[in-house]
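With the UniProt record's numbering, the residue at position 144 of the sequence shown is 144, and numbering never jumps. Idealized CB from N, CA, C, for every residue including glycine.
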Amino acid sequence: MRLFLCEKPSQARDIAKFIGAGQRDDGFLSGPGVIVTWARGHLLEQAEPEAYGERYGNPWRLEALPLVPQQWKLEVKKDGRAQFSVINRLLKQVDEVVIATDADREGEVIARELLEYCRFQGRVFRLWLSALDDASIRNALANIWPSEKTEALYRAGVGRGRADWVTGMNLTRLYTLKAREAGISGVMSVGRVQTPTLAIVVRRDLEIENFIPKPYSDVIATLISDNIAFPVKWVAAAQYCDEEGRCIQAGIAAQVVELCRQ
């Protein structure tokens, strides 16, 4: 029995119609010798720090840092428990799994972390599908890959997730505790993506707040040649301009105007 593991229900329905899995059930579709089921994004998540020992729970303590798990733990998301139960049960009924999640790093992680968590021991293949039009699905089904071909993507995704967890959990606790020592309450949330993004927003906000308007001069004239009038704009030399190329020497601009009037 072969199981296709998709990333979302719509993806599963698109694939199911090409492999004869037309019978609908709770959380999966099936047909002769084949089952199609789906996750709903990540059904598993990294365990909270307290799962690694009481010293990592509340209240937070500096002496408990850094927290770098030696044996990583995953937990089933609360809102994903029902579908996880379906997948876990189906994996016990099949001897082959075709990973049919999105053709990217996170798609690889979504499927393979489920297979590892559920201790699936059968054969694993990869349906590499970057589009869901009929021609793409047919082509992918005719060229199913061995799972080893994309395993590196899974390892990269796991590494990224663990690095984010270590960064976020340790630095959030460190910054929060140090802020409390300085009399600042609240949680100082730190993350690989959110913190640089916040810095960009703050930097731009400060630029706007501290902006001081500077006067500048443009010299625009209308010239006539062969009875044809056309507008021209004076381009000041760099030493008279600001960083945006605008003339900030009013006296120089005035001299240009006088020259134009002669």
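Spatial neighbours of T172 within its chain, please: CB distance less than 6 Å, with the 5 preceding and 5 following residues excluded, ordered by chain position.
-> As a first step, residue 172 is located in the sequence shown; it is residue number 172 there, counting from the start. Contacts found: S189 and V190.
So, using beta-carbon positions, are A142 and L5 closer together than 8 Å?
-> Along the sequence shown, read from residue 1 onward, the residue named residue 142 stands at position 142. Along the sequence shown, read from residue 1 onward, the residue named residue 5 stands at position 5. Contact flag unset, no.
6 Å Cβ shell around A12 - same chain, five flanking residues per side excluded | Within the sequence shown, residue 12 is the residue found at index 12, counting from 1. Only C6, V36 and W38 meet the Cβ criterion.
Pull up the CB-CB distance for A21 and S10, whole angstroms please, since I reckon it's below 8 Å.
-> What you label residue 21 is simply residue 21 of the sequence shown in a count that begins at 1. What you label residue 10 is simply residue 10 of the sequence shown in a count that begins at 1. Actually they are not in contact, since the Cβ atoms of A21 and S10 sit about 14 Å apart, beyond 8 Å.
Between A64 and the rest of its own chain, which residues show a CB-CB distance below 6 Å, the 5 nearest in sequence each way excluded?
-> The residue labelled residue 64 in the question sits at position 64 within the sequence shown. Correct list, in chain order: R55 and Y56.
Name the one or two DSSP bridge partners that F125 has.
-> Position 125 of the sequence shown, counted from the first residue, corresponds to residue 125. In the DSSP output, where bridge partners are listed per residue, F125 has V98 and P146.
Evaluate the contact criterion for the stretch 163-171 versus the stretch 191-202: three or more CB pairs, one atom per stretch, below 8 Å.
-> yes
According to DSSP, which residues form a beta bridge with T222?
-> On the sequence shown, residue 222 is found 222 positions in, with the first residue counted as 1. DSSP lists P231 as partners of T222.
Sufficient close CB pairs (3 or more, under 8 Å) joining the stretch 63-82 to the stretch 128-141 | no
Between the beta-carbon of E96 and the beta-carbon of R123, is there less than 8 Å?
-> Working through the sequence shown from its first residue, we reach residue 96 at position 96. Working through the sequence shown from its first residue, we reach residue 123 at position 123. For E96 and R123, yes; Cβs fall inside 8 Å.
For E207, which residues from the same chain have a beta carbon less than 7 Å from its beta carbon, with the 5 sequence-adjacent residues on both sides left out?
-> Within the sequence shown, numbered from 1, the residue matching residue 207 stands at position 207. Here the set comprises nothing.
Tell me the DSSP bridge mates of F4?
-> As a working mapping, residue 4 is identified with position 4 in the sequence shown. Its beta-bridge partners are V36 and V98.
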